[in-house]
Each structure stands twice: as structure tokens, then as C-alpha cells.
Amino acid sequence: MLFPPLNKRNTRDKAKGLLVTSERCIGELGVRCLSTINRDSYKSTYDSL
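Residue numbers (this note's numbering): 682 to 730.
See below:
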């Protein structure tokens with residue numbers, strides 16, 4: 682065994698935290714992207730009236 686159990690768990694927790702952080706980042710980016718797209722489509726719809 683390369684690492685003691687504590688280190689192994691710590692590494693897994695770090696990886697999980699990283700995953701959660703990146704997921705949150707991707708989620709925020711997606712929401713921002715969607716809101717920008719919605720705003721643009723709303724503007725173009727409003728302009729055509």
C-alpha cells in the first residue's frame with residue numbers, strides 16, 4: 682500500500698471537492714450562458730414587434 686488510509690481518504694475527499702467545485706462552475710456558466718441567450722432572443726422578439 683502506497684498511502685496510509687487517512688491519506689487515501691483525504692485524496693478522495695479532495696477529488697470529490699474538486700468535482701463539486703467544477704460542477705458548480707459549469708452550472709453557473711451554463712446559467713449565465715442561458716440567460717444571455719434568453720435576453721438576446723427576447724430583445725430580438727421585442728424589436729420585431
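Note that the Cβ used here is the ideal one computed from N, Cα and C, for glycine as well.
Exercise for the section: Just the C-alpha distance for R713 and K695, rounded to the nearest angstrom, thanks. Expected result: 27 Å
Practice task
Look up M682 in the DSSP assignment and say whether it is helix, strand or coil.
Solution key: Only weak support exists for where M682 lies, its pLDDT of 49 falling under 50; the coordinates are left without a value.
Problem - Alpha carbon of M682 to alpha carbon of K697, nearest angstrom - result: Only weak support is given to the placement of M682: the predicted model assigns it a pLDDT of 49, under 50, and the value that follows is read from those uncertain coordinates. In a straight line, the C-alpha of M682 is about 22 Å away from that of K697.
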